[in-house]
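Following: one structure in structure tokens, then a few remarks.
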Amino acid sequence: MRIETHETSGAEGYGLATVVNNGTVLDTWFPNPTLGSSFGPSGSTVLTAEQASAALGSKVATCLLTDYRRSVSIIPVKTVIEDLAQPPRDVHDVYLRLHLLSHRLIRPHGANLDGIFGILTNVAWTSLGPCLPDQVEELRWVARTSSVTLEVRSIDKLPRMTDYVVPEGIRIADANRVRLGAYLGRGTTVLHEGFCNFNAGTLGTSMVEGRITAGVIVGDGTDVGGGASIMGTLSGGGKQVVSIGERCLLGANSGTGIALGDDCIVEAGCYVTAGTLVRQVSGEVVKAAKLSGKSNILFRRHSQTGAVEAIHRNKPWGSLNPALHATK
Numbered sequence: 358m359r360i361e362t363h364e365t366s367g368a369e370g371y372g373l374a375t376v377v378n379n380g381t382v383l384d385t386w387f388p389n390p391t392l393g394s395s396f397g398p399s400g401s402t403v404l405t406a407e408q409a410s411a412a413l414g415s416k417v418a419t420c421l422l423t424d425y426r427r428s429v430s431i432i433p434v435k436t437v438i439e440d441l442a443q444p445p446r447d448v449h450d451v452y453l454r455l456h457l458l459s460h461r462l463i464r465p466h467g468a469n470l471d472g473i474f475g476i477l478t479n480v481a482w483t484s485l486g487p488c489l490p491d492q493v494e495e496l497r498w499v500a501r502t503s504s505v506t507l508e509v510r511s512i513d514k515l516p517r518m519t520d521y522v523v524p525e526g527i528r529i530a531d532a533n534r535v536r537l538g539a540y541l542g543r544g545t546t547v548l549h550e551g552f553c554n555f556n557a558g559t560l561g562t563s564m565v566e567g568r569i570t571a572g573v574i575v576g577d578g579t580d581v582g583g584g585a586s587i588m589g590t591l592s593g594g595g596k597q598v599v600s601i602g603e604r605c606l607l608g609a610n611s612g613t614g615i616a617l618g619d620d621c622i623v624e625a626g627c628y629v630t631a632g633t634l635v636r637q638v639s640g641e642v643v644k645a646a647k648l649s650g651k652s653n654i655l656f657r658r659h660s661q662t663g664a665v666e667a668i669h670r671n672k673p674w675g676s677l678n679p680a681l682h683a684t685k
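Just so you know, the sequence shown maps onto residues 358 to 685 in our numbering.
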């Protein structure tokens, strides 16, 4: 699978940011981000109410307010990214890049996301909106005075995708398991135990019952089985992008730390890392990294010896159930 590199174009977005009284930016929502190459130099500016209405419509006026319960204000901003290959500059810039991914305007690895966790702050994502974590207990009391139970969905640097973007033609059983910045191709189904991180996702119709970690790209027609895991690059690993080709099957509780080409299978319960010793049909034993990206391979464990084997395949494993991936 060919991996997309950073886009050479830029981007622009008009959005609404949640800003704490101390100046900390919690999030920015960009309803209609756009790509282009002539937006001007990178940067974020606060808009006037008139400018915001011109860019986002008259309904924006009712959104520009101060929420004293959370000690935040909602302000309109314009963010320009001159070159997506350059690292992000501020929180608004990061959120614009994440929106571009979830709106399917760029593919994973189509924008530089280096250093985003140093830019973003920890946020308590609550049923009353985002706030700083140390404000949760006070907000809980405020909610109780209105006979409301505060729901704290997570404390994290990134929110769930569906609170900002709902791409057309997908199904997500548990929205908490898909982060903003995920790229989900039309026809993709993410079931209850499936997970998709930011800067990762599916390029077409796929079934996701396992984990697609940061940086991972999954090809059209692939099934990521229940409990299956694909190694990403987020937690101290290398920079190599792990991609899964088209029409692959990762069996239940399987996993891979190498790229798979098209029409591959990793047998249920079999985990293949770059250093896994794999016996080929010829009898030669090689590290799995040598087979990274190759097509038409079945990885399995020998039922008696436990040795990991790589068997050449020349027929499909089957196909996804079309009824589960209908877009209407």
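C-beta atoms are modelled at their ideal positions from N, C-alpha and C, and glycine is treated no differently.
Within the same chain, Cβ atoms closer than 7 Å to the Cβ of S366 are found at L392, G393, S394, L441, the five residues on either side in sequence being excluded.
For R517, the pairing in a beta bridge is given by DSSP as R536. Secondary structure remark: continuous alpha helix (DSSP H) runs of at least 4 residues inside the segment 431 to 498, in chain order: 448 to 459, 473 to 476. In the structure shown, S410 falls within a helical segment according to DSSP collapsed to helix, strand and coil. When DSSP states are grouped into helix, strand and coil, S563 belongs to the coil group.
Bridge pairing for Y371: K435 [DSSP].
Close CB contacts of S503 within its chain, under the 6 Å cut and outside five residues either way in sequence, are absent. In this structure S652 does not touch G612 by the C-beta definition: roughly 19 Å separates them, more than the 8 Å allowed.
C605 sits in coil when the DSSP states are folded into three classes, being neither helix nor strand. Among the bridge pairs identified by DSSP, K644 is matched with L634. Rounded to whole angstroms, the separation of the alpha carbons of A616 and I654 is 12 Å. Rounded to whole angstroms, P679 and D450 show a C-alpha spacing of 38 Å. Comparing C-alpha distances from V638 to each of P390, V417, A530, A664 shows the shortest one belongs to A664. The alpha-carbon separation between A645 and T562 amounts to approximately 27 Å. In this structure the segment 401 to 414 does not lie against the segment 463 to 478, because fewer than three pairs of beta carbons, one per stretch, are closer than 8 Å.
The beta carbon of D447 sits closer than 7 Å to the beta carbons of S401, I476 from its chain, once the five residues preceding and following it are set aside; these are given in chain order. Secondary structure note for E624: it is in no beta strand (DSSP E), with a DSSP letter that is neither H nor E.
A straight line joining the alpha-carbon of L541 with that of L470 spans about 18 Å. Rounded to the nearest angstrom, the Cβ distance from E566 to L548 is 5 Å, consistent with a contact under 8 Å.
Within the model, the alpha-carbon separation for D531 versus A571 is close to 18 Å.
Between the alpha carbons of K514 and V480 lies a distance of about 6 Å.
The three-state secondary structure of T381, taken from DSSP, is coil.
Of all alpha-carbon atoms in P445, L453, P398, the one lying nearest the alpha-carbon of Y371 is that of L453. Setting aside the 5 residues that flank it on each side, L634 is surrounded in the same chain by V642, each with a C-beta closer than 6 Å to its C-beta; the list follows chain order.
Here DSSP, grouped into helix, strand and coil, assigns A557 to strand. Taking 8 Å as the upper bound for CB-CB distance, G602 and G576 are in contact here, some 5 Å apart. Excluding the 5 residues flanking it on each side, L507 has same chain C-beta neighbours closer than 7 Å at T483, S484, L485, L496, R497, A500, in chain order.
Cβ neighbours of F555 within its own chain (closer than 8 Å, five residues either side excluded): L455, L458, L470, L515, R536, L537, G538, A539, A571. Pairing E439 with E369, the inter-Cα distance amounts to about 8 Å. Of all alpha-carbon atoms in G626, V382, S649, the one lying nearest the alpha-carbon of H659 is that of G626. Contact check for L383 against C420 fails: the beta carbons are separated by 9 Å or more. Rounded to the nearest angstrom, the gap between the Cα atoms of D619 and T423 is 52 Å.
Residue A557 holds the alpha-carbon nearest to the alpha-carbon of R464 among K647, A557, H669. One thing to note: C605 has its Cβ within 9 Å of the Cβ of D580.
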